[in-house]
Amino acid sequence: MNARELPGASNATSGEAYLVLQQHFDDIARLVSDFIWELDGDLILRSISPRLHEVTGYLPHEWVGHRLEDFGAFVGEDGCEETIDWHKPFREKWYRVESRDGVFCTFLLSGIPYYHIATGQFQGVHGVARDITDILSVEEKLRYSKEVAEKSNHAKSDFLASMSHELRTPLNGILGFAQLLQLNPGREPLSNAQQGYAQNIMNSGRHLLDLIDQVLELSKIEAGKYDVTIADVPLAALMDECLVLVQPMADKNAILVQNLIASEDAIAVRADVTRLKQVVLNLLSNAVKYNRPDGAVTVTSLLGDGIVKIDIADTGIGIAHTDQEKLFMPFERLGHEGSNIEGTGIGLTITRELLHLMDGDIAFDSTVGEGSVFSITLPLAEGVATHAPSPDIAPAPAKLDAMTDERTVLYVEDNPANMALMEQIIAMLANVNMICAHNAEIGIAMAEAKHPDVILMDINLPGMNGIEALKALSQIEATKDIPVLAISAAAMPHEVKAGLKAGFQAYLTKPLDVTSLIKTLNALLNEDDSHTEEQARAG
Ligand code: ADP
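Quick note on the working numbering: the sequence shown kicks off at 869 and runs consecutively.
Next comes the structure, spelled out in structure tokens:
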């Protein structure tokens, strides 16, 4: 804008026009939220707008005649002081100043040097400043609340991990001894009624274990602590793997289970293979569990625009209309609570959450007395990947050769009930004796002295823990080649992974599956070179 065009400036002399211009400028400077400031050629403040007073409590005239550095400092992102090159334009430099009341305020300063029109000589710098103190304090508060939330999330996860550990330890005793009662008919035969009691202890214990696992899993998903690894997953092969697992349950009730997804169709979805298996297994086992004798379960797929729809249809009891909205709520078993169909009522809740994590979804259609169709949708993979069967599906074949030489197993465990259980388990193996240590330090000394064939190591031990003990054993000449198995109630997937990474030959979680422990031990004690991948995953 030119001074002559300003309202009120017509017919004015150039001096008057300048004053009018100055007046306009001052009004604007007073109104805008940003400050306007000007330094002279010696970098002395010539003017600063009155908003300075509102923010810092200083009147402009108190600052005029001084340098900006006399009141505050320029700071970089790291909080260190920064020097400004006043002869170059600059943008949004942080200028921090203490207000008259002792509160620190932060401004974003931008400036540009100006020069004499005729001589080109440096005349000073002018620019604007924005007060960002409030924004910063909001950001600070947000950062703080985020930190608090993250901390409490962490605390929740830790709590869940230790809960899982604490509950699994007594369950190891309950399920372990119940398994022993069932496995030991020769020496101490049980009456039919007692067999039934032992079976009841097993069923209830396993149900409790399922509940613990599923509640933990759900809490983990809800805490946002669930990682999925998305890859191309060929569908037909995955379905076949899952079908094999539900087949025994289906056979019991003569239910025909068919996978109509042909491998030649080479359909692949984008999903996390383990999680998808979990989803499919839950839906298949529901389709079998809530079916009728001689019923059928059929799996089909349909390609859509960038998605695949997988239908798992059953000819079962169906779900009443009034119950349908409760289907995905945790612990809702829709009248099956008292029935002999096992379940926790959490499976579908987890299934839906898992699908959401994989950008998929679930829907269903059901008619009472006719059956239900559960449909999941997942993104379609562009290419088709080859898919090796995953290790957790293929059980390790165990060699059960008769042992001739006397073998020794060292068990390092601080819990007396678990120790007693292991003694009974080992007593079932021919020619194997067990020696015990109730902490890692004694265990290492015993291993050195007695050179056992296998070491079974608890992880959470008083003093040195099992992982540290494993490391120590690997550094001692006499013990470095002895296979060490972890037997632990630390059963969260990351704990198992850390254990295997630390070098345990296998990581068995409590409550122990006695049969699988016996198989693993038999295999280890029968082979000299027993460092196989399969055993590393047993249990
Ligand atoms: P559960 O562990 O009880 O099977 P889910 O969360 O998997 O838990 O399922 C919740 C409830 O939904 C079940 O208890 C059952 O009443 C009902 N349900 C699930 N799938 C089916 C199905 N295919 N047919 C009939 N009812 C089903």
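Ideal placement from N, C-alpha and C gives every residue a C-beta, glycine not left out.
Q: Given a cut-off of 8 Å, decide if Lys1177 and Ser1243 are closer than it, judged by their beta-carbon atoms.
A: Position 375 of the sequence shown, counted from the first residue, corresponds to residue 1243. Position 309 of the sequence shown, counted from the first residue, corresponds to residue 1177. With contacts defined by Cβ atoms closer than 8 Å, Ser1243 and Lys1177 form a contacting pair.
Q) Between Thr1276 and Pro1330, is the Cβ-Cβ spacing less than 8 Å? A) For this step, residue 1276 is matched to residue 408 along the sequence shown. For this step, residue 1330 is matched to residue 462 along the sequence shown. Here Thr1276 is not near Pro1330, since their CB atoms are 8 Å or more apart.
Q: Let me know the secondary structure DSSP gives Thr974 once reduced to three states.
A: As a first step, residue 974 is located in the sequence shown; it is residue number 106 there, counting from the start. Strand, per DSSP.
**Q.** Under the three-state DSSP convention, the category Lys1177 falls into
**A.** Your numbering for residue 1177 matches position 309 in the sequence shown. Lys1177 falls in the strand class under three-state DSSP.
(Q) Between Ala1346 and Glu1309, how many whole angstroms is the CB-CB distance? I'm expecting something under 8 Å. (A) Working through the sequence shown from its first residue, we reach residue 1346 at position 478. Working through the sequence shown from its first residue, we reach residue 1309 at position 441. So it is not a contact: roughly 16 Å between Cβ atoms.
Q: Could you work out which residue in Val965, His1306 and Met1302 is closest to Lys1318 when comparing CA atoms only?
A: For the purposes of this step, residue 1318 is identified with residue 450 of the sequence shown, where counting begins at 1. Selected option, being the one with the closest Cα: Met1302.
Q) Any chance the CB of Ile1230 is under 7 Å from a heavy atom of the ligand ADP? A) What you label residue 1230 is simply residue 362 of the sequence shown in a count that begins at 1. No, the ligand ADP has no heavy atom inside 7 Å of this Cβ.
Q: Indicate, with yes or no, if the ligand ADP has a heavy atom lying under 7 Å from the CB of Ala1155.
A: Along the sequence shown, one-based indexing puts residue 1155 at 287. Flag set: Cβ of Ala1155 near the ligand ADP.
**Q.** contact_flag[the region 1094-1107, the region 1067-1081] where n(CB pairs < 8 Å) is 3 or more
**A.** Using a C-beta cut-off of 8 Å, the region 1094-1107 makes no contact with the region 1067-1081, since fewer than three inter-stretch Cβ pairs fall below that distance.
Q: May I ask you to report which of helix, strand or coil DSSP gives Lys961?
A: The count along the sequence shown starts at 1 and reaches residue 961 at position 93. Taken through DSSP and simplified to helix, strand or coil, Lys961 comes out as strand.
Q. Alpha carbon to alpha carbon, what distance is there between Asn1328 and Asn1307?
A. Your numbering for residue 1307 matches position 439 in the sequence shown. Your numbering for residue 1328 matches position 460 in the sequence shown. Going by the C-alpha atoms only, they are around 10 Å apart.
Q) Are the region 1233-1242 and the region 1179-1190 touching by the rule of at least three beta carbon pairs closer than 8 Å? A) Touching, yes.
Q. Can you tell which of Ile1312, Pro1361, Met1325 and Val1322 has the C-alpha that lies nearest to the C-alpha of Ala1340?
A. Residue numbering aside, residue 1340 sits at position 472 when the sequence shown is read from its first letter. Per the Cα distances, Ile1312.
**Q.** Closest residue to Leu1128 among Asp1119, Ser1169, Arg1055 and Ala1017 (Cα-Cα distance)
**A.** The residue given as residue 1128 occupies position 260 in the sequence shown. Minimum Cα distance to Leu1128 is reached at Ser1169.
**Q.** Val932, DSSP secondary structure in three states
**A.** Taking the first residue of the sequence shown as 1, we reach residue 932 at position 64. It is coil, neither helix nor strand.
Q) So which of Ser1032, Asp999, Glu945 and Leu1223 has the shortest CA-CA distance to Thr924? A) As a working note, residue 924 is residue 56 in the sequence shown. Of the listed residues, the one whose Cα sits closest to Thr924 is Asp999.
Q) Relative to the ligand ADP, is the shortest distance from any of its heavy atoms to the C-beta of Asn1121 smaller than 7 Å? A) By one-based count along the sequence shown, residue 1121 stands at place 253. In this structure, Asn1121 has its beta carbon at no less than 7 Å from each heavy atom of the ligand ADP.
Q | Residue interval of the beta strand (DSSP E) (run including Val996) | A | Walking along the sequence shown from the start, residue 996 turns up at place 128. It spans Phe990 to Asp999 - the beta strand (DSSP E) in which Val996 sits, taken as one unbroken run.
Q.
Rounded to the nearest angstrom, what separates Tyr1040 and Leu1380 at their Cα positions?
A. By 1-based counting over the sequence shown, the position of residue 1040 is 172. By 1-based counting over the sequence shown, the position of residue 1380 is 512. Reading off the sequence shown, one finds Asn at residue 1040, where the question assumed Tyr. In this model, Asn1040 and Leu1380 are separated by some 6 Å (Cα to Cα).
Q | Chain-order list of residues whose beta-carbon lies under 8 Å from that of Gly1187 (same chain, five-residue window excluded) | A | For the purposes of this step, residue 1187 is taken as the residue at position 319 of the sequence shown. For the sequence presented, residue 1187 should be read as Ile rather than Gly. Hits under 8 Å: Leu1195, Leu1202, Phe1232, Ser1234, Val1236 and Ser1240.
Q. Does the region 1018-1030 come close enough to the region 1058-1078 to have 3 or more Cβ pairs within less than 8 Å?
A. When Cβ pairs closer than 8 Å are counted between the two stretches, the region 1018-1030 is seen not to touch the region 1058-1078, the count staying below three.
Q) Can you give the Cα-Cα distance for Leu1152 and Leu1216, rounded to whole angstroms? A) For the purposes of this step, residue 1152 is taken as the residue at position 284 of the sequence shown. For the purposes of this step, residue 1216 is taken as the residue at position 348 of the sequence shown. C-alpha separation (whole angstroms): 11 Å.
Q. Could you check where the alpha helix (DSSP H) with Thr1219 kicks off and where it finishes?
A. On the sequence shown, residue 1219 is found 351 positions in, with the first residue counted as 1. Where Thr1219 is concerned, the enclosing alpha helix (DSSP H) stretches over Gly1215 to Leu1225.
(Q) Do Val943 and Arg964 have their beta-carbon atoms positioned less than 8 Å apart in this structure? (A) Taking the sequence shown and counting its residues from 1, one reaches residue 964 at position 96. Taking the sequence shown and counting its residues from 1, one reaches residue 943 at position 75. In this structure, Arg964 lies near Val943, with their beta-carbon atoms less than 8 Å apart.
Q.
Does Leu1297 come out as helix, strand or coil in the three-state DSSP assignment?
A. In the sequence shown, counting from the first residue as 1, residue 1297 sits at position 429. Secondary structure at Leu1297: coil, using DSSP grouped into helix, strand and coil.
Q) Applying the criterion that 16 or more other CB atoms from any shown protein chain within 10 Å of the CB defines a buried residue, is Ser1356 buried or exposed? A) Counting from one through the sequence shown, the residue named residue 1356 turns up at place 488. Buried, since its Cβ has 16 or more Cβ neighbours within 10 Å.
Q.
Helix, strand or coil, according to DSSP, for Thr1097 in the structure here?
A. As a first step, residue 1097 must be located in the sequence shown, where it is residue number 229. Coil, per DSSP.
Q. Would DSSP call Gly1206 helix, strand or coil?
A. Sequence index remark: in the sequence shown, residue 1206 carries index 338 (1-based). When DSSP states are grouped into helix, strand and coil, Gly1206 belongs to the coil group.
Q) Any chance the CB of Ile1080 is under 7 Å from a heavy atom of the ligand ADP? A) What you label residue 1080 is simply residue 212 of the sequence shown in a count that begins at 1. Ile1080 Cβ: outside cutoff for every heavy atom of the ligand ADP.
Q: Kindly confirm or deny that the region 981-992 and the region 908-917 touch, where touching means at least three C-beta pairs closer than 8 Å.
A: Cβ pair count under 8 Å is three or more, so yes.
Q) Alpha carbon to alpha carbon, how far is Ser978 from His955? A) Taking the first residue of the sequence shown as 1, we reach residue 978 at position 110. Taking the first residue of the sequence shown as 1, we reach residue 955 at position 87. So the two alpha carbons sit approximately 13 Å from each other.
Q) When you compare only the Cα positions, how much space is there between Thr1142 and Asn1154? A) For this step, residue 1142 is matched to residue 274 along the sequence shown. For this step, residue 1154 is matched to residue 286 along the sequence shown. Going from the Cα of Thr1142 to the Cα of Asn1154 covers about 18 Å.
Q: Quick one: measure Cβ to Cβ for Ile1323 and Ile1350, integer angstroms, because I've assumed they're closer than 8 Å.
A: Counting from 1 along the sequence shown, the entry for residue 1323 is found at position 455. Counting from 1 along the sequence shown, the entry for residue 1350 is found at position 482. The pair is a contact, with the Cβ atoms about 6 Å apart (cut-off 8 Å).
Q.
Counting C-beta neighbours from all protein chains within 10 Å, is the total for Ile1123 16 or more, i.e. buried, or is it exposed?
A. Sequence index remark: in the sequence shown, residue 1123 carries index 255 (1-based). When all chains shown are included, Ile1123 counts as buried.
Q. Who are Gln1126's beta bridge partners in DSSP?
A. Start at 1 with the first residue of the sequence shown, and residue 1126 comes out as number 258. Gln1126 is bridged to Thr1166.
**Q.** Three-state secondary structure (DSSP) of Ile1185
**A.** Locating residue 1185 in the sequence shown gives position 317, counting from the first residue. In the structure shown, Ile1185 adopts coil according to DSSP, grouped into three states.
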